[in-house]
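In what follows, a single structure is set out as structure tokens and then discussed.
There are 2 protein chains.
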Amino acid sequence: MKERFEIVEKTLAAMLEEKKYASLRDILVTMNPADIAGIFSGLESQKIPLLFRLLPKELAAESFVEMEPEEQELLIRSFSDNELKEIVDELYVDDAAALVEEMPANVVKRILRQADPEMRKSINQILRYPENSAGSIMTTEYVSLRPAMTVGEAILRIRRQGVDKETIYTCYVTVDRKLVGLVTVKDLLLAEDDETRIEELMLTNLISVTTHTDQEEVGRMFSKYDFLALPVVDGENRMVGIVTFDDAMDVIEEEATEDIEMMGGMLPSEKTYLKSSVWELFKNRIPWLMLLMVSATFTGMIITGFEDALAAQVALTAFIPMLMGTGGNSGSQSSVTIIRSLSLGELRFSDLPKVLWKEIRTAAICGLVLAVVCFVKIWLVDRMLLGNYEISLMVDVVVCVALLVTVLLAKIVGAVLPLAAKALKLDPAVMASPFITSIVDAVSLLVYFMVAKLLLRI
Amino acid sequence: MKERFEIVEKTLAAMLEEKKYASLRDILVTMNPADIAGIFSGLESQKIPLLFRLLPKELAAESFVEMEPEEQELLIRSFSDNELKEIVDELYVDDAAALVEEMPANVVKRILRQADPEMRKSINQILRYPENSAGSIMTTEYVSLRPAMTVGEAILRIRRQGVDKETIYTCYVTVDRKLVGLVTVKDLLLAEDDETRIEELMLTNLISVTTHTDQEEVGRMFSKYDFLALPVVDGENRMVGIVTFDDAMDVIEEEATEDIEMMGGMLPSEKTYLKSSVWELFKNRIPWLMLLMVSATFTGMIITGFEDALAAQVALTAFIPMLMGTGGNSGSQSSVTIIRSLSLGELRFSDLPKVLWKEIRTAAICGLVLAVVCFVKIWLVDRMLLGNYEISLMVDVVVCVALLVTVLLAKIVGAVLPLAAKALKLDPAVMASPFITSIVDAVSLLVYFMVAKLLLRI
Numbered sequence: 202m203k204e205r206f207e208i209v210e211k212t213l214a215a216m217l218e219e220k221k222y223a224s225l226r227d228i229l230v231t232m233n234p235a236d237i238a239g240i241f242s243g244l245e246s247q248k249i250p251l252l253f254r255l256l257p258k259e260l261a262a263e264s265f266v267e268m269e270p271e272e273q274e275l276l277i278r279s280f281s282d283n284e285l286k287e288i289v290d291e292l293y294v295d296d297a298a299a300l301v302e303e304m305p306a307n308v309v310k311r312i313l314r315q316a317d318p319e320m321r322k323s324i325n326q327i328l329r330y331p332e333n334s335a336g337s338i339m340t341t342e343y344v345s346l347r348p349a350m351t352v353g354e355a356i357l358r359i360r361r362q363g364v365d366k367e368t369i370y371t372c373y374v375t376v377d378r379k380l381v382g383l384v385t386v387k388d389l390l391l392a393e394d395d396e397t398r399i400e401e402l403m404l405t406n407l408i409s410v411t412t413h414t415d416q417e418e419v420g421r422m423f424s425k426y427d428f429l430a431l432p433v434v435d436g437e438n439r440m441v442g443i444v445t446f447d448d449a450m451d452v453i454e455e456e457a458t459e460d461i462e463m464m465g466g467m468l469p470s471e472k473t474y475l476k477s478s479v480w481e482l483f484k485n486r487i488p489w490l491m492l493l494m495v496s497a498t499f500t501g502m503i504i505t506g507f508e509d510a511l512a513a514q515v516a517l518t519a520f521i522p523m524l525m526g527t528g529g530n531s532g533s534q535s536s537v538t539i540i541r542s543l544s545l546g547e548l549r550f551s552d553l554p555k556v557l558w559k560e561i562r563t564a565a566i567c568g569l570v571l572a573v574v575c576f577v578k579i580w581l582v583d584r585m586l587l588g589n590y591e592i593s594l595m596v597d598v599v600v601c602v603a604l605l606v607t608v609l610l611a612k613i614v615g616a617v618l619p620l621a622a623k624a625l626k627l628d629p630a631v632m633a634s635p636f637i638t639s640i641v642d643a644v645s646l647l648v649y650f651m652v653a654k655l656l657l658r659i
Numbered sequence: 202m203k204e205r206f207e208i209v210e211k212t213l214a215a216m217l218e219e220k221k222y223a224s225l226r227d228i229l230v231t232m233n234p235a236d237i238a239g240i241f242s243g244l245e246s247q248k249i250p251l252l253f254r255l256l257p258k259e260l261a262a263e264s265f266v267e268m269e270p271e272e273q274e275l276l277i278r279s280f281s282d283n284e285l286k287e288i289v290d291e292l293y294v295d296d297a298a299a300l301v302e303e304m305p306a307n308v309v310k311r312i313l314r315q316a317d318p319e320m321r322k323s324i325n326q327i328l329r330y331p332e333n334s335a336g337s338i339m340t341t342e343y344v345s346l347r348p349a350m351t352v353g354e355a356i357l358r359i360r361r362q363g364v365d366k367e368t369i370y371t372c373y374v375t376v377d378r379k380l381v382g383l384v385t386v387k388d389l390l391l392a393e394d395d396e397t398r399i400e401e402l403m404l405t406n407l408i409s410v411t412t413h414t415d416q417e418e419v420g421r422m423f424s425k426y427d428f429l430a431l432p433v434v435d436g437e438n439r440m441v442g443i444v445t446f447d448d449a450m451d452v453i454e455e456e457a458t459e460d461i462e463m464m465g466g467m468l469p470s471e472k473t474y475l476k477s478s479v480w481e482l483f484k485n486r487i488p489w490l491m492l493l494m495v496s497a498t499f500t501g502m503i504i505t506g507f508e509d510a511l512a513a514q515v516a517l518t519a520f521i522p523m524l525m526g527t528g529g530n531s532g533s534q535s536s537v538t539i540i541r542s543l544s545l546g547e548l549r550f551s552d553l554p555k556v557l558w559k560e561i562r563t564a565a566i567c568g569l570v571l572a573v574v575c576f577v578k579i580w581l582v583d584r585m586l587l588g589n590y591e592i593s594l595m596v597d598v599v600v601c602v603a604l605l606v607t608v609l610l611a612k613i614v615g616a617v618l619p620l621a622a623k624a625l626k627l628d629p630a631v632m633a634s635p636f637i638t639s640i641v642d643a644v645s646l647l648v649y650f651m652v653a654k655l656l657l658r659i
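Sequences listed follow chains G and H, in order.
For our numbering, count along the first sequence from 1 and bump the result up by 201.
For our numbering, count along the second sequence from 1 and bump the result up by 201.
What follows is the structure, given as structure tokens:
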């Protein structure tokens, strides 16, 4: 994707160097706002305002919305008050609210001063909702109709008001600001008769969210119901805005990224990788590393406690990494699967018995197959091929029995902990691989040494 | 999400038991197709056909599309030929193609026999494209307009043809089947004059994909450009279909799930967790477990090779799990971040120097902070508090130096391997945590023992 623009970026930079502004403008107007924003982020920062001023008003605003906060701030600081007003007038309310949220206080003041009173009110309303709530990602610009309108009147209203609305394709029918139904433009266009009343046409089994619904839930509803837009209502079922599918798509992607980061033992990041400073990366990564490093004190204690056993059978030490590694992998397979299923809304806590039974059987088969292969491998490779004759038949048995038990326990821990987190209203993704691995490391060592003591009588 | 339906499920099951069909129907018609499908999947299988027959025709077809393949097959087997034809007639072509792909051969034959010739042709066309290509997820039903049409004529055409189209909101302008532009219904409705020609109104800087474009790329384009639909063209720029946003949303979710599964050391699954059999879970999980178990032979060899050193300084063994664990976590943090950025199209291989420099600096800070804390912790906790006086000052130094070097190497390996995979046209997600951990395990042991030999002269 990015590759395609490398050449365009270079061409534009060269043309800018040679001050070929008219041709530059001709190229830019053929491009999509998202692509223009992508190209701007690859330019040296002092060139951005110059190139931006070449864009026609509407395209300029659309491209502005797609840019990263750094470039937006840079541009706003270079704008005159009039230029800023032109951009702000073109913005949809949800984009304006998102912008205000990202900018430093002095820039925010300038933006709000240029917004007309109506928009200022809407921005402030959206910003009052909790972060990651439906209210915070909605737009207040939608088409509302009355039940008594005819199809013809409705179409006329859309034609008059539609310009400023983020979507016109789903229209909401309200009475005293309460949401009572919806009609799509498809319904209106395909209606047989222009005199049909909206109340006869409208869908009334509505699905809506409240302003405080978590955006993750909003994303799930979009992917389940394939909506173009979802109405947002307040506590009294009064319509306050809509979330559109493009914002829902961003949410779905964001939430997946957040889960992936947590599964990788990091705090969720605010910025893309290349935009993150070393300091920000460090801050997101160090907490889990530190916690897990310190918690490894337990594995150290277990090994120290069994020092005599290890001294008696030196061959045992060589298999510690294999046991811990296989245990960790088994556990993270289960936890990752369960966490994703929870995120997609496919599992609930009451599924615990079903999940446990499935995991125990899967673990038994995985464990048995691994143990058998491991047994043969140790004998043929480690003992015969590599000539490590310290490995007796009983040591081989101990390793494989410990392996089987470890896989079983690891998969149970990996399945139960995310579900438990869900039941405790924590984010299940916290219980991901690094955390599970630390627990399984300790468990696998304990199992190993206990089996060894039992079977080798040391 | 699922919780909300538990009560409804129970109520419906009870009403079905008491044969209250009229009331059941009254309840079902108020519900959304996706919810109906969800409720069906919770019912005993012999009750599903009974309940399904209560649904009005259109709602029945819409709910059918939302169901899992198991329930779909069950229903089709219970349908008469006439019932099957009614459902197939209501399906959009892309849904019909997806259905045909999922069903066993004898069911497919029945479906195709009931489809009208036009649809049969389109289904076959879609099925010919490679799996996961744009062609395989597109629909062939879209509204096409001619450049010379007026706005009024275009609206009339939409009103006549729109019923069977998956979306009418984006219309494509073609000449000799070649794609030359697009207009949205919004443009048409907001046009000042009904006599305006489409060619004056249409957008010509088009973004399209070919039938063979990977669906992951299609998903990325949707989330970048916020399209409602994306045109699919063949090698000669002839329009063959469209991908709609709802299918793109499914792709985005599917691809994230696939990445997450690969990061967890599994093969991508075809079904949801609860629908997967133990055997399928086993097949997806055992390959990586087996590979990583066998590759742990190397860590075993390294430990065996340094047996004498470990015997001379027994305290060293206790820190092996901590070193390997912290190395593994450091490496997987980097690999997970890079893999996700590659998936979202935020990184390209040419960013390697930038990435390396960022990772090295982050690793240096993380490593230093960890080493200092680890040094103090070992001295205060492991030696003083837990009384392990085998830990000398030099052992403490060895552990912390090894820790610093391990974190540094782990982050470099974790960052480079996914980028290298990308350059080699492999899926970067293969290079995720379990794989990196195995490499880092061996690296950290080597570093540890080499530092120990050097500093402790053993």
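Glycine included, every Cβ here is placed at the ideal spot set by N, Cα and C.
Just so we're clear, the structure is a prediction, and the values are computed from it rather than from any experiment.
Secondary structure at Val-364(G): helix, using DSSP grouped into helix, strand and coil. Residue contact with chain H for Glu-547(G): present (Cβ-Cβ distance below 9 Å to some residue of chain H).
The way I'd put it, the region 328-335 of chain G doesn't touch the region 283-291 of chain G; fewer than three beta-carbon pairs between them come closer than 8 Å. Cβ contact annotation for Glu-591(G) (same chain, cutoff 7 Å, sequence separation greater than five): Val-515 and Ala-516, in chain order. Here Met-464(G) is actually not in contact with Ser-645(G); their C-beta atoms are around 20 Å apart, not less than 8 Å.
Comparing alpha carbon positions, the residue from Ala-616(H), Phe-423(H) and Met-494(H) closest to Arg-549(H) is Ala-616(H). DSSP places Asp-415(H) within a strand segment (E or B) once states are collapsed to three. With 16 or more neighbouring CB atoms inside 10 Å of its own CB, Thr-368(H) falls in the buried class.
For the pair Ser-533(G) and Cys-567(G), the Cα-to-Cα distance works out to about 14 Å. Chain-ordered listing is empty here: chain G has no CB closer than 7 Å to the CB of Trp-580(H), the nearest sitting near 13 Å. In the DSSP assignment, Tyr-649(H) falls within the unbroken alpha helix (DSSP H) covering 634-657. When Cβ-Cβ separations below 9 Å define contact, Arg-226(H) makes no contact with chain G. Ranked by Cα distance from Val-376(G), the first of Val-386(G), Ile-399(G) and Ala-392(G) is Ile-399(G). Residue contact with chain G for Asn-333(H): absent (no Cβ-Cβ distance below 9 Å to any residue of chain G). Counting along the chain, the unbroken beta strand (DSSP E) around Tyr-373(H) starts and ends at 371-376.
By the beta-carbon neighbour count (other beta carbons within 10 angstroms, threshold 16), Ala-633(H) is buried. Leu-229(H) sits close to Leu-255(H), with the two beta carbons spaced by under 9 Å. In this structure, DSSP gives Thr-445(G) an extended state, which the three-state scheme calls strand. At a cut-off of 9 Å between C-beta atoms, Asp-282(G) does not count as an interface residue with respect to chain H. Ranked by Cα distance from Ser-551(H), the options Pro-619(H), Arg-421(H) and Phe-636(H) are led by Pro-619(H).
Of Asp-509(G), Pro-629(G), Lys-248(G) and Thr-638(G), the smallest CA-CA separation from Glu-218(G) is found for Lys-248(G).
The beta-carbon of Gly-526(H) is placed less than 9 Å from the nearest beta-carbon of chain G. A contact is defined here as three or more CB-CB pairs under 8 Å, and the region 638-655 of chain G fails this definition with respect to the region 230-246 of chain H. Judged by their CB atoms, Arg-486(H) and Ile-461(G) are not nearer to each other than the 9 Å cut-off.
With respect to the 9 Å criterion, Thr-412(G) and Val-433(G) are classified as neighbours on the basis of their beta carbons. Residue state for Lys-379(G) is assigned as strand, using DSSP reduced to three classes.
Looking at Leu-553(H), Asp-628(H) and Gly-528(H), the one whose alpha-carbon comes closest to that of Leu-647(H) is Gly-528(H). Chain G places no beta carbon closer than 9 Å to that of Thr-375(H), leaving this residue out of the contacts.
Secondary structure at Ala-497(H): coil, using DSSP grouped into helix, strand and coil. Only exposed fits Asn-307(H), as fewer than 16 other CB atoms lie within 10 angstroms of its CB.
In this model, Val-381(H) and Leu-407(H) are separated by some 8 Å (Cα to Cα). Sequence-ordered contacts of the region 566-597 of chain G with chain H read Ile-566, Cys-567, Val-570, Leu-571, Val-574, Cys-575, Lys-578, Val-582, Asp-583, Leu-587 and Asn-589 [C-beta pairs closer than 7 Å].
By the C-beta density criterion, Asn-325(G) is exposed, having fewer than 16 other C-beta atoms within 10 angstroms.
Closest in alpha carbon position to Ala-316(G), among Thr-341(G), Ala-298(G), Glu-302(G) and Asp-290(G), is Asp-290(G).
Judged by DSSP in its simplified three-state form, Pro-619(H) adopts helix. Straight-line measurement puts the Cα of Leu-571(G) at about 11 Å from the Cα of Trp-489(H).
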